[in-house]
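Undergrad: Below is the structure I would like to discuss, written out as structure tokens.
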């Protein structure tokens, strides 16, 4: 069962029509001799047995359609069946005495339990179905986080407002993610604020240079007392915490358990900060702001009234949040990913570790396979982005297949770049075999934060 959508449905992807057709043509599934290893799934009978059937379902928010892929160990036949649950929220594939189930990313249009016969030809080890999503009268997805997810493009935990409320009601604890040792002196930060947009400094410099003429009377210092004046660059303040998408800016005197480098090079513009207990990198000394910049992915933040820290958040979600912020602020979707250098003057000459194309910034997926990272169990449907990636390719032909030549350089610590690569590779294993490469690109997934993870 497939459906043809107008080109306008894909307008927000900003990709050529031929590229969209190649990616979304789920009927182009030819037989393959590749045999995929058995993958654990959720058996329909609730037993502890494992099935060699792997299911993957993907919801694209803008076109309100679920694409389902089933990978089998042998060619499908007349006895291969797909069974939908009565409420339209799950699907089970049965094949040669085995079965696997998947929770669908959204409810589909079904009038009750229904078994559908799969196409008899061509026979293949990979089956694809196009499913229509159930909507309410207003055209919104029903009973699914996807609806609310659309309203908040990039939800990120530990925002300034949430931390400020928590500080006033319970107090805020900031601890090392690895060893749970405190990084913030108890009660030392009374106020939390969101940092301005990362383009703020550049915009303010532009404004300062091009601002209209002012009347300068004696005793008046226009702009010197305004927060947006060029002379009022952001500085860390005692008793205040500043927050952006992926970091905290704190005054040195408010921190504890944070170790500065024993020897600091004069050329070092970002001296690395370590946990005094476990030596894990926490962030860097922000010389421009005269404070400590702690990476959110290296910390855990929770109310002081909580008996213990909450489960850790996967670093891939912080990386995804960073890319979404860049997409929003820079207007590009292709990135050269570099490993950060401690000396800023070294930037520019090194080759990027990865070339990324954020092909689909927002989707929901479900898989019959468990999370590739056992320490971070997945609760489907999972919000994610689809990422095309290549290794160490600093050049890019912008005229090739209509792709844009606009690429933004982005820098992460070396260990974060390594984790980004691992996450893309691990999540790639959830995709059906034929969807793991596309025209010279590797295809992977990065999980994103959902609305249930934003609160404190």
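Residue numbers (the UniProt record's numbering): 1 to 456. Ideal placement from N, C-alpha and C gives every residue a C-beta, glycine not left out.
1) Give me, in chain order, the residues of the same chain whose beta-carbon lies closer than 6 Å to that of residue 179; leave out the 5 immediate sequence neighbours on both sides.
2) For residue 300, which of helix, strand or coil comes out of DSSP?
3) Is it right to say residue 247 is buried, meaning 16 or more other beta carbons lie within 10 angstroms of its own, or is it exposed?
4) May I ask you to report which of helix, strand or coil DSSP gives residue 451?
5) Determine the direct distance from the alpha carbon of residue 185 to that of residue 441, and round the result to whole angstroms.
6) Which residues mark the beginning and the end of the alpha helix (DSSP H) in which residue 418 is found?
7) Among the residues of its own chain, which have a CB less than 7 Å from the CB of residue 240, if the five just before and after it don't count?
8) Let me confirm a value: residue 446 is counted as buried when at least 16 other C-beta atoms fall within 10 Å, else exposed. Which label applies?
9) Following the continuous alpha helix (DSSP H) through residue 101, name the residue where it begins and the one where it ends.
10) Using the beta-carbon count (16 or more within 10 Å), is residue 187 buried or exposed?
11) Looking at the strands, I want to know which residues DSSP matches up with residue 291.
12) Contact defined as beta carbons within less than 8 Å: I believe residue 392 pairs with residue 353. What is the distance between those atoms, to the nearest angstrom?
13) Could you check where the beta strand (DSSP E) with residue 341 kicks off and where it finishes?
14) Beta-carbon separation of residue 411 and residue 340 under 7 Å?
15) Measure the alpha-carbon distance for residue 81 versus residue 430 and round it to whole angstroms.
16) Starting from residue 160, trace the alpha helix (DSSP H) both ways and give me its first and last residue.
17) Looking at the structure shown, is residue 132 part of a helix, part of a strand, or coil, going by DSSP?
18) Throw me the rounded Cβ distance for the residue 108 and residue 66 pair, which I believe falls under 8 Å.
19) Does residue 88 come out as helix, strand or coil in the three-state DSSP assignment?
20) When we look at the beta-carbon of residue 3 and count the other beta-carbons within 10 Å, is it buried (16 or more) or exposed?
21) Helix, strand or coil: how does DSSP classify residue 384 here?
22) Could you check the C-alpha separation between residue 140 and residue 104 for me, to the nearest Å?
23) Helix, strand or coil: which one does DSSP assign to residue 116?
24) Please classify residue 122 as buried or exposed, where buried requires at least 16 neighbouring CB atoms within 10 angstroms.
25) Within the continuous alpha helix (DSSP H) that includes residue 328, where are the two ends?
26) Can you say whether residue 379 is buried or exposed, counting buried as having 16 or more other CB atoms within 10 angstroms of its CB?
27) Let's test the definition: count the other Cβ atoms within 10 Å of the Cβ of residue 407 and tell me whether it reaches 16, buried, or not, exposed.
28) Over the uninterrupted beta strand (DSSP E) stretch that includes residue 56, give me the two end residues.
29) Could you pull out every residue in the same chain whose Cβ sits closer than 6 Å to the Cβ of residue 297, ignoring the five residues on either side in sequence?
30) Taking buried to mean at least 16 other C-beta atoms within 10 Å of its own C-beta, is residue 49 buried or exposed?
31) Need the endpoints of the beta strand (DSSP E) that residue 433 sits in, please.
32) Which residues in the same chain have their Cβ closer than 6 Å to the Cβ of residue 420, if we skip the five residues on either side of it in sequence?
33) Decide if the segment 59 to 78 is in contact with the segment 126 to 134; the criterion is three or more beta carbon pairs, one per stretch, under 8 Å apart.
34) By a C-beta neighbour count over all protein chains shown, 10 Å radius and 16 as the cutoff for buried, is residue 333 buried or exposed?
35) So, with DSSP's three-state summary, where would you put residue 237?
36) Which two residues bound the contiguous beta strand (DSSP E) that contains residue 194?
TA: Judging by the given coordinates:
1) On the chain shown, residue 179 is found 179 positions in, with the first residue counted as 1. So the list reads 277 and 278, once near-sequence residues are dropped.
2) Looking up residue 300 in the chain shown gives position 300. Of the three classes helix, strand and coil, the one that applies to residue 300 here is strand, per DSSP.
3) Walking along the chain shown from the start, residue 247 turns up at place 247. Burial call: buried.
4) Against the chain shown, residue 451 aligns to sequence position 451. Residue state, collapsed to three classes: helix.
5) As a position in the chain shown, residue 441 is number 441, starting the count at 1. As a position in the chain shown, residue 185 is number 185, starting the count at 1. Approximately 47 Å between the Cα atoms of the pair.
6) Taking the chain shown and counting its residues from 1, the one referred to as residue 418 is at position 418. Its alpha helix (DSSP H) spans residues 414 to 428.
7) Stepping through the chain shown from its first residue, residue 240 is reached at position 240. Closer than 7 Å at Cβ, skipping near neighbours: 189, 191 and 193.
8) Taking the first residue of the chain shown as 1, we reach residue 446 at position 446. Residue 446 should be labelled buried.
9) Stepping through the chain shown from its first residue, residue 101 is reached at position 101. No alpha helix (DSSP H) holds residue 101; the beta strand (DSSP E) holding it covers 98 to 103.
10) Taking the chain shown and counting its residues from 1, one reaches residue 187 at position 187. Residue 187 should be labelled exposed.
11) As a working note, residue 291 is residue 291 in the chain shown. 286.
12) Position 392 of the chain shown, counted from the start, is the residue given in the question as residue 392. Position 353 of the chain shown, counted from the start, is the residue given in the question as residue 353. Rounded, the Cβ-Cβ distance is 7 Å, consistent with contact.
13) As a working note, residue 341 is residue 341 in the chain shown. That residue, residue 341, is in no beta strand (DSSP E); it is neither H nor E in DSSP.
14) The sequence position of residue 411 within the chain shown is 411, counting from 1. The sequence position of residue 340 within the chain shown is 340, counting from 1. Closer than 7 Å, so yes.
15) Within the chain shown, the letter at position 81 stands for residue 81. Within the chain shown, the letter at position 430 stands for residue 430. Their Cα atoms are separated by approximately 21 Å.
16) As a position in the chain shown, residue 160 is number 160, starting the count at 1. 160 to 169 is the span of the alpha helix (DSSP H), which, as asked, contains residue 160.
17) Here residue 132 refers to the residue found at position 132 when the chain shown is read from its first residue. If DSSP states are grouped into helix, strand and coil, residue 132 belongs with the strands.
18) Position 108 of the chain shown, counting from 1, holds the residue named residue 108. Position 66 of the chain shown, counting from 1, holds the residue named residue 66. Between residue 66 and residue 108 the Cβ distance is about 6 Å, and since that is below 8 Å, they are a contact.
19) Looking up residue 88 in the chain shown gives position 88. Here residue 88 sits in coil by DSSP.
20) Residue numbering aside, residue 3 sits at position 3 when the chain shown is read from its first letter. Reliability of the predicted coordinates at residue 3 is poor, the pLDDT of 43 falling under 50, and the value obtained from them is presented with this limitation in mind. Burial call: exposed.
21) Here residue 384 is taken as the residue at index 384 of the chain shown, counted from 1. The answer is strand: DSSP assigns residue 384 an E or B state.
22) Within the chain shown, residue 140 is the residue found at index 140, counting from 1. Within the chain shown, residue 104 is the residue found at index 104, counting from 1. Only weak support is given to the placement of residue 140: the predicted model assigns it a pLDDT of 47, under 50, and the value that follows is read from those uncertain coordinates. Straight-line Cα distance between these residues: approximately 16 Å.
23) Residue mapping note: residue 116 aligns to position 116 of the chain shown, counting from 1. It is a strand residue.
24) Locating residue 122 in the chain shown gives position 122, where the first residue counts as 1. With fewer than 16 other Cβ atoms within 10 Å, it is exposed.
25) Sequence index remark: in the chain shown, residue 328 carries index 328 (1-based). Here the alpha helix (DSSP H) through residue 328 covers 315 to 330.
26) Taking the first residue of the chain shown as 1, we reach residue 379 at position 379. Residue 379 comes out exposed.
27) Stepping through the chain shown from its first residue, residue 407 is reached at position 407. Result: buried.
28) As a first step, residue 56 must be located in the chain shown, where it is residue number 56. Residue 56 -> beta strand (DSSP E) spans 54 to 60.
29) As a working mapping, residue 297 is identified with position 297 in the chain shown. Around residue 297: 315 and 318.
30) Along the chain shown, one-based indexing puts residue 49 at 49. Reliability fails at residue 49, whose pLDDT of 46 lies under 50, so the model's placement of it is uncertain and no value is given.
31) By one-based count along the chain shown, residue 433 stands at place 433. From DSSP, residue 433 is part of no beta strand (DSSP E); its letter is neither H nor E.
32) Working through the chain shown from its first residue, we reach residue 420 at position 420. Result list for residue 420: 319, in chain order.
33) yes
34) Locating residue 333 in the chain shown gives position 333, where the first residue counts as 1. Result: buried.
35) Start at 1 with the first residue of the chain shown, and residue 237 comes out as number 237. Correct three-state label for residue 237: coil.
36) Within the chain shown, the letter at position 194 stands for residue 194. Start and end: 191 to 194.
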